[in-house]
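Report on the following structure.
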Amino acid sequence: MKKSIGVLLVALIVLIFALPGCSRSVPEGPGQPATEAGGAHKTEPAPARTETGGTKPPAGNKAADSYAAYQEAKSQLITRLSDAVSGNPEAGMAMLSFLGITAVDLVMLPAAFLGADEMTMEIGLGMLGAEGFKYDVDGDKSTVTFKDQSGKETVFAGRFDSKAGGSIFTSVVDGREALYSEYRQTPYGYAGQYYIVNDDGSVMLYLLAIEGKDGTVGFEQEATKPEPLSGNEGPDFPKAAKEWYSIKGKQVTGINPDGQELDFLIP
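Our numbering applies: residue 4 is where the sequence shown begins, and numbers increase by one.
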């Protein structure tokens with residue numbers, strides 16, 4: 004029960020950090036994805052898995068801890084950048100892009116429960132109105148199937164890679180690919196990407212490089228499905244997108260949705 008409560012708290016933290024303005028500070032410097040004291044999460048190798056029934060979670064739920072640490076670092080970056088562009092008239096409609104990437108965190112909420120026990124999964128997703136659960140754990144891969152309040156079936160899967168210090172996630176809704184997402188640790192912090200396919204078939208790709216409190220976020224509409232992250236992505240790789248924003252200290256640079264270059268300082 005204590006483990007179940009702990010995972011639910013991790014999920015609550017993930018949900019809180021999905022909301023702009025709720026992030027805590029993250030240490031600066033390369034290779035520092037851990038959070039401040041009191042909320043630290045450190046990625047460690049996943050323990051051996053011995054279950055045969057397919058529902059036994061890993062001790063300590065390293066996958067959820069790793070995801071929560073990444074989520075916290077990502078949310079702080081998104082908050083800093085969105086606050087910066089919201090105060091700059093030249094940023095134009097940039098805030099719509101940041102609203103989009105924030106909304107993705109709600110779609111990703113099942114990721115906070117993967118690797119937990121079945122009761123925790125049902126309680127957590129049940130708070131969102133999900134029902135009809137089926138939960139399977141096979142090695143480092145966890146899959147949960149459920150229906151939302153409209154009756155749509157979602158199959159959400161995640162595979163934790165202890166060597167990469169991250170996970171790959173997929174979501175299939177009523178047989179249609181809806182999401183491909185992954186993150187992994189890098190020498191400077193984290194690299195991440197989200198490939199979203201909306202109900203109308205439109206596509207959005209989000210690219211992230213996180214360097215402590217600094218980093219870069221890229222937005223690409225109608226993009227093709229990206230290749231898996233290799234771990235060799237540099238801190239500027241999101242700048243390959245048509246729209247991107249970067250913050251380093253107090254300097255903000257980027258290209259807004261209209262193709263206009265941005266370069267300004269925040270207070």
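Positions of the beta carbon are idealized from the N, C-alpha and C atoms, including for glycine.
Predicted, not measured: the structure shown is a model, and the values here were computed from it.
Beta-carbon proximity list for residue i, same chain, < 8 Å, skipping 5 on both sides
i, result
"Met98", "Ser85, Val88 and Ser89"
"Lys155", "Val176 and Asp177"
"Asn91", "Val255, Leu265 and Phe267"
"Val110", "Ser174, Ala181, Leu182 and Ile199"
Contact under 8 Å by Cβ, residue i with residue j
i, j, result
"Leu210", "Ala244", "yes"
"Tyr70", "Ser165", "no"
"Phe149", "Lys65", "no"
"Gln196", "Glu185", "yes"
"Leu208", "Glu230", "no"
"Lys242", "Gly262", "no"
"Ala67", "Gly118", "yes"
"Lys251", "Asp217", "yes"
"Thr146", "Ser174", "no"
"Gly192", "Ala76", "yes"
"Ala133", "Asp151", "yes"
Alpha-carbon to alpha-carbon, residue j and residue i
i, j, result
"Asp108", "Leu268", "28 Å"
"Gly204", "Leu182", "12 Å"
"Arg187", "Thr219", "15 Å"
"Met122", "Asp141", "17 Å"
"Arg179", "Pro270", "45 Å"
"Met96", "Tyr138", "40 Å"
"Ser249", "Tyr73", "18 Å"
"Thr105", "Thr82", "9 Å"
"Ala226", "Ser100", "15 Å"
Expected contact under 8 Å - CB spacing of residue i and residue j to nearest Å
i, j, result
"Leu128", "Phe116", "7 Å"
"Asn259", "Ala94", "5 Å"
Neighbourhood of residue i by C-beta, 6 Å cutoff - its chain only, sequence neighbours within 5 removed
i, result
"Ala275", "What the structure shows of the chain is the stretch from 4 to 270, and residue 275 is not part of that stretch, so it cannot be assessed."
"Glu236", "Ala194"
"Gly34", "Reliability of the predicted coordinates at Gly34 is poor, the pLDDT of 43 falling under 50, and the value obtained from them is presented with this limitation in mind. Cβ within range, chain order: Pro190."
"Phe136", "Glu125 and Phe149"
Cut-off 7 Å between Cβ atoms - residues of its own chain near residue i, not counting five sequence neighbours on either side
i, result
"Asp266", "Thr256"
"Lys228", "Tyr183 and Tyr198"
Residue i: CB within 7 Å of a non-hydrogen atom of the ligand ZN
i, result
"Tyr191", "With respect to the ligand ZN, the structure offers nothing, as it holds no ligand at all."
Could you pull out every unbroken beta strand (DSSP E) segment of at least 3 residues lying fully inside the region 213-238, listed in chain order?
Every unbroken stretch of the beta strand (DSSP E) spanning 3 or more residues and falling wholly within the region 213-238 is given here in chain order: 217-224.
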